[in-house]
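In what follows, a structure is listed as structure tokens, so that the remarks can point back to it.
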Amino acid sequence: MRFRIRPVDTSFYDLFADSANHLVNGVSLLAEMLSESADREDVARRMRDAEHAADESTHAIVKKVNSTFVTPFDREDIYALGSGLDDVMDSMDEVVDQIFVYGVNVLPAELSDQVTVLQRCAELTAAAMPNLRSMKELSEYWIEINRLENQGDKNHRRILAKLFSGEYDAMEVLKLKDIVESLEDAIDGFESVANTVEQIAVKES
Amino acid sequence: MRFRIRPVDTSFYDLFADSANHLVNGVSLLAEMLSESADREDVARRMRDAEHAADESTHAIVKKVNSTFVTPFDREDIYALGSGLDDVMDSMDEVVDQIFVYGVNVLPAELSDQVTVLQRCAELTAAAMPNLRSMKELSEYWIEINRLENQGDKNHRRILAKLFSGEYDAMEVLKLKDIVESLEDAIDGFESVANTVEQIAVKES
Amino acid sequence: MRFRIRPVDTSFYDLFADSANHLVNGVSLLAEMLSESADREDVARRMRDAEHAADESTHAIVKKVNSTFVTPFDREDIYALGSGLDDVMDSMDEVVDQIFVYGVNVLPAELSDQVTVLQRCAELTAAAMPNLRSMKELSEYWIEINRLENQGDKNHRRILAKLFSGEYDAMEVLKLKDIVESLEDAIDGFESVANTVEQIAVKES
Chain A
260 MRFRIRPVDT SFYDLFADSA NHLVNGVSLL AEMLSESADR EDVARRMRDA
310 EHAADESTHA IVKKVNSTFV TPFDREDIYA LGSGLDDVMD SMDEVVDQIF
360 VYGVNVLPAE LSDQVTVLQR CAELTAAAMP NLRSMKELSE YWIEINRLEN
410 QGDKNHRRIL AKLFSGEYDA MEVLKLKDIV ESLEDAIDGF ESVANTVEQI
460 AVKES
Chain B
260 MRFRIRPVDT SFYDLFADSA NHLVNGVSLL AEMLSESADR EDVARRMRDA
310 EHAADESTHA IVKKVNSTFV TPFDREDIYA LGSGLDDVMD SMDEVVDQIF
360 VYGVNVLPAE LSDQVTVLQR CAELTAAAMP NLRSMKELSE YWIEINRLEN
410 QGDKNHRRIL AKLFSGEYDA MEVLKLKDIV ESLEDAIDGF ESVANTVEQI
460 AVKES
Chain C
260 MRFRIRPVDT SFYDLFADSA NHLVNGVSLL AEMLSESADR EDVARRMRDA
310 EHAADESTHA IVKKVNSTFV TPFDREDIYA LGSGLDDVMD SMDEVVDQIF
360 VYGVNVLPAE LSDQVTVLQR CAELTAAAMP NLRSMKELSE YWIEINRLEN
410 QGDKNHRRIL AKLFSGEYDA MEVLKLKDIV ESLEDAIDGF ESVANTVEQI
460 AVKES
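Residue numbers (this note's numbering), protein chains in the order written: chain A, 260 to 464; chain B, 260 to 464; chain C, 260 to 464.
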């Protein structure tokens, strides 16, 4: 008689890396949408495709966690990380969609400060996922994400103050405020992912 | 000496069916609120009563899960399903309340497309709850809910584009956007319930 | 050989009391912000400091729950209570921040009704936290919070109806609606904390 070996399934790490790479792709589409010369309908369509691809990565994580006996860390933390990454993609998709559907004419230049924050967050998150295997160099990642979220928060207040300065009419503020808040949701989403990673690391240590 | 038998308590299924039936009732009140001849104050009052009745079903679920030793499926999934059903009712109550409190004069005809989606979702959900006992025919339910949510999402974008087309003034957009978003929250809520059911079914299979 | 005694760590109660006391402090800053003679920039700065101090209490709870072997009640309930208290502080901070950043000129007098509700909620919550140790006199607390939340809900509808009565222009409504909704979020947050306490008490009984 031979024992069937049931090893800890490690490919969760690859699935998290996939999810995070979708975010890197999402941010570049977002950046493209902000440029004045963008074909907005085309970018919005490609963003929707990217969001669907990210959804499939999330479903793969949920399916795997439900069918795997021994998981590399707590089941609920795997869910939290998977759905946290998915939430970021949803917020970025929402920004692109709002710009397209609302028919905003001119976007305030300050929005690109938030996209810069998002680009840095996405790169750091994608680089951190493979380190979940060794649990090494993760604290640098979550500390830097927290710093970026603080920066994003300051940008956000500055942009809101500008929207309400009297420079824009009520209808334009109505449109832009939604877009600005979705940008902030995406940044908050990266922080929430970093908090989940921190919690996983604390439990494992 | 006789053993006290502690059977799996099955009446959770009845409680979930109760909760889902409140949603069927809620949608018809919502449909009534949209008709031009509606006595809005009266419908809003009846909706509030319906929402309180639904709250009691939710409390019954929470109380039962806290006092039951052996539950038919994971405690946290029971909570998720109970509070998911409750969230849908809250969103539908919010739609009715916003129409009443904001004093909206004319509602865009497109809103009734979303109510049609909600009616179908409520019927499907109420029909699916008793099937939790046998875990049969549930996949047809959640696949159809996901299709309806996609339909609702397309309607939602079309309605938003109309709101921002220049046809409405800023104050009207401010009111209608809230209502339209609460309608979408209700549809998303049905999808979230279906996701919970899918997760329960996957674990049981 | 001597056994190492691992007693239930009781200082969770002190940490929850700390968190709740930050809320009492937060409400007084909020009340100060509403007075016509307030130096809004100064109050907003002090509120941000208060919010950071509250954050540290929350982190202390999360850190303790992650490093403690035997907790006085379920780990997930400790998280829920800690993050529930934190959410209330975030909502109150948001109210103060919105008043400052949006540059609202005149605040409707009715807002002070909501601050009165919040003051009562904060006092009751701070008084209830030490009772988690004995699990006594808690039902009076959560019943009264639920009553206050109902009161807050009625105030909220009345304030919204006023905002949309035609007395304010669209831009003013845009600003005030956010503030009014953040006030309601804070009240809802207190109810959510009370629900968590009720759930803990039911499990322990």
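A virtual CB, placed ideally from N, CA and C, is assigned to each residue, including glycine.
Asked                                                                                                                       : Found
Residue closest to G448(A), alpha-carbon to alpha-carbon, out of H415(A), K323(A) and S342(A)                               : S342(A)
Under 8 angstroms between C-beta atoms of L433(B) and V432(C)                                                               : yes
8 angstroms Cβ cutoff, V452(B) in contact with chain A                                                                      : no
Under 8 angstroms between C-beta atoms of L442(C) and Q373(C)                                                               : yes
Member of H281(B), A460(B) and E295(B) whose CA lies at the smallest distance from the CA of S371(B)                        : E295(B)
V329(B) (DSSP reduced to helix, strand or coil)                                                                             : coil
Contacts of V219(C) in chain A (Cβ-Cβ under 8 angstroms)                                                                    : No answer is possible for residue 219(C): the residues shown for chain C start at 260 and end at 464.
Proximity test, Cβ basis, 8 angstroms: A312(B) and chain C                                                                  : no
Neighbouring residues, chain A, relative to V456(B) (Cβ below 9 angstroms)                                                  : Near V456(B) there are no residues of chain A at all, since even the closest Cβ is about 13 angstroms away, more than 9 angstroms.
Collapsed DSSP secondary structure at L393(C) in the structure displayed                                                    : The amino acid at residue 393(C) is misidentified as Leu; the sequence shows Ser. S393(C): coil per DSSP, three-state reduction.
Within chain B, partners of A429(C) - CB distance below 7 angstroms                                                         : A429, M430 and L433
Cα-Cα separation between E291(C) and L366(C), rounded to whole angstroms                                                    : 13 angstroms
Cβ of N364(C) within 8 angstroms of any chain A Cβ                                                                          : no
Close-in-space but distant-in-sequence residues of the same chain around M348(A) (CB under 7 angstroms, 5 per side omitted) : H281, L282, G285, E310 and A313
Minimum C-alpha distance to Q378(A) - residue among F271(A), D437(A), S464(A) and L288(A)                                   : L288(A)
Short CB-CB distance (under 8 angstroms) between S278(A) and chain B                                                        : no
Where the alpha helix (DSSP H) through L293(C) begins and ends                                                              : F271 to L293
Enclosing alpha helix (DSSP H) for V365(B) [first to last residue]                                                          : Here V365(B) belongs to no alpha helix (DSSP H), and DSSP marks it neither H nor E.
Proximal residues, the segment 323-347 of chain C versus chain A, C-beta separation under 7 angstroms                       : N325
CB of E463(C) within 8 angstroms of CB of F332(C), strictly                                                                 : yes
Chain B within 8 angstroms of L274(A), Cβ atoms only                                                                        : no
Partner residues on chain C for K462(A), Cβ-Cβ distance less than 7 angstroms                                               : N325
Reduced DSSP category for A297(B) - H, G, I as helix; E, B as strand; rest coil                                             : coil
Buried or exposed by the 16-neighbour rule on C-beta atoms within 10 Å, applied to H415(B)                                  : buried
Burial state of I402(B) (16 or more Cβ within 10 Å)                                                                         : exposed
Simplified DSSP assignment, three categories, for D428(A)                                                                   : coil
Test item: CB-CB of S236(C) and D444(C) under 8 angstroms                                                                   : Absent from the structure is residue 236(C), since the part of chain C shown begins at 260 and ends at 464.
Residue of C380(A), E396(A), Q357(A) and K436(A) minimising C-alpha distance to E450(A)                                     : C380(A)
Sub-8 angstroms separation of S326(C) and S278(C) beta-carbons                                                              : no
For V363(C), the nearest candidate out of I446(C), S393(C), Y338(C) and K436(C) (CA to CA)                                  : K436(C)
Span separating the alpha-carbon of A386(A) from that of I459(A)                                                            : 17 angstroms
Short Cβ contact (8 angstroms threshold) for A303(C) with D356(C)                                                           : yes
A368(C) and T455(C) closer than 8 angstroms at C-beta                                                                       : no
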